[in-house]
Amino acid sequence: MDVQQCSQMRRRTTIILLTAAAGIIMQLQPFALAQQEKPQSQRKVVRKVVPMYPDLARRMNVRGLVRVEALVAPNGTVKSTKVIGGHPLLAQAAVDAVNKWKFGTAPEDSSELIELKFDPE
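In this note's numbering, the protein residues as written are 495 to 615.
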């Protein structure tokens, strides 16, 4: 085996190992998210709306958590939402559902951190 062949083989081996390591890390990421503590809401939820599971996400077997930050008005309605984390195919369904939630009243606006779990099964 000459030097050029040895170099090519080493390069291919490195690429294969890096690709495998990246795949393992990506598989472990949802597990790490699932192990985090659930955030405590400051205000009581009066009405929850379950998100619709997007058809494309269901066909692709996409699952996981979507974290949404909601700005809640004093009367308990959701004024605005912002996706903090989660799969892009699930994010809009989470936002649509949280926008329909109703919280208990409070003297001023509050920011609520909400986690929605998506599982196609």
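Idealized CB from N, CA, C, for every residue including glycine.
Note that the coordinates shown come from a computational prediction; the quantities given were computed from them, not determined experimentally.
Test item: CB-CB of residue i and residue j under 8 angstroms
i      : j      : result
Val592 : Val562 : yes
Leu584 : Leu550 : no
Val560 : Gly580 : yes
Beta-carbon proximity list for residue i, same chain, < 6 angstroms, skipping 5 on both sides
i      : result
Arg552 : Pro614
Lys576 : Glu563
Cutoff 8 angstroms; reference residue i; Cβ partners in own chain excluding five residues on either side
i      : result
Asp590 : Pro545, Met546
Val497 : none
Gln699 : Beyond the ends of the chain as shown, which are 495 and 615, falls residue 699; an answer cannot be given.
Any non-hydrogen atom of the ligand MG closer than 7 angstroms to residue i Cβ
i      : result
Gly598 : No copy of the ligand MG appears in this structure; indeed no ligand is present at all.
When the options are compared against residue i, the one with the closest alpha-carbon
i      : options                : result
Arg537 : Leu610, Phe612, Pro601 : Pro601
Arg541 : Val572, Thr508, Pro548 : Val572
Phe612 : Gln586, Ile510, Gln498 : Gln586
Glu606 : Met503, Leu565, Lys576 : Leu565
Ser574 : Val539, Ser604, Met554 : Ser604
Close Cβ partners of residue i (< 7 angstroms) along its chain, the five nearest in sequence each way excluded
i      : result
Thr599 : Pro568, Asn569, Gly570
Lys594 : Val543
Val539 : Trp595, Phe597
Thr507 : none
Pro548 : Leu583, Leu584, Ala587
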